[in-house]
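Note that this note's numbering has the sequence shown beginning at 2, numbered continuously upward.
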Amino acid sequence: MSSQNNNDRFSHSVHHSDLSSRHDQIKVSKVTKFLTGFLFIFLGIYLALGVVFGAIYGIDVLSVILIYSMYAHFMIFPWFIYSIGGFGFLCIKDSAFYSVRSTIGRILLLGLFLVIVIVCVSEMAHAIGLLDARFRMDWR
C-alpha cells in the first residue's frame, strides 16, 4: 500500500518533457503572433541601420537613426515592411512559435552586440585617423 502512495506522489512531479509538451499545446493568439513579428522586423531594421551606418559614422549613428525615426515613420512604407514580419509570424504553427521567438530573440541580441562592437571599432578608427567620416547636417 505504501508503494502505491509513493507512485501517486511522484506521478505529479513535473518533467522537462511535460513542460515542453504543455508549451506546444498552448494556443497563441493571432494578435500576439502579429505583434511579435512586427516587433522583430522593427528591431531588425534598426539593427541593420546600426551596423551599416555605425561602421561609417561611429557614434554619430545615433543621429542617423534619430533622423530615420523622425522622418520615415510619417510615411506608410516602414509600417508596411514591419507588417510583413507580422503576417509572416501568422504563418508559424502554434507549436513552433515559442522556439522561433526565442531563436530570433537570440539573433537580435547577437545583432545588438555586433552593432556595439562595430561602433567601437569605428570610433577607434576615427581616433587613429583611418576614418574621417562625420555625419553633418548643413541646413543652409
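Ideal Cβ positions, reconstructed from N, Cα and C, are used throughout, including at glycine.
Same chain only: Cβ atoms within 7 Å of residue i, ignoring 5 sequence neighbours per side
| i | result |
| --- | --- |
| valine 116 | Leu48, Gly51, Val52 and Gly55 |
| leucine 91 | Lys31, Lys34 and Phe35 |
| leucine 113 | Leu48 |
Length of the line joining the Cα atoms of residue i and residue j
| i | j | result |
| --- | --- | --- |
| isoleucine 57 | arginine 107 | 25 Å |
| leucine 111 | threonine 104 | 11 Å |
| histidine 74 | lysine 94 | 31 Å |
| glycine 86 | valine 118 | 27 Å |
| histidine 127 | phenylalanine 78 | 34 Å |
| leucine 132 | serine 123 | 8 Å |
| arginine 102 | alanine 134 | 37 Å |
| glycine 45 | isoleucine 60 | 19 Å |
| tyrosine 69 | methionine 76 | 11 Å |
| methionine 71 | leucine 109 | 23 Å |
| leucine 67 | methionine 125 | 23 Å |
Residue environment, residue i, which counts as buried when at least 16 other CB atoms sit within 10 Å
| i | result |
| --- | --- |
| valine 120 | buried |
| tyrosine 83 | buried |
| isoleucine 98 | A small correction: the amino acid at residue 98 is phenylalanine; isoleucine does not occupy that position in the sequence shown. So phenylalanine 98 counts as buried. |
| glycine 130 | exposed |
| serine 100 | exposed |
| phenylalanine 41 | buried |
| valine 62 | buried |
Cut-off 8 Å between Cβ atoms - residues of its own chain near residue i, not counting five sequence neighbours on either side
| i | result |
| --- | --- |
| phenylalanine 88 | Phe35 and Gly38 |
| valine 200 | Outside the shown range of the chain (2 to 141) lies residue 200, about which nothing can therefore be said. |
| lysine 28 | Asp95 |
| tryptophan 80 | His74 |
Cutoff 6 Å; reference residue i; Cβ partners in own chain excluding five residues on either side
| i | result |
| --- | --- |
| phenylalanine 43 | Tyr83 |
Q | Unbroken stretches of the beta strand (DSSP E), 3 residues or longer, contained in the region 85 to 122 | A | none
Q: Write down every uninterrupted run of the alpha helix (DSSP H) in the region 44 to 93 whose length is 4 residues or greater and which is fully enclosed by it, in chain order.
A: 62 to 73 and 78 to 91
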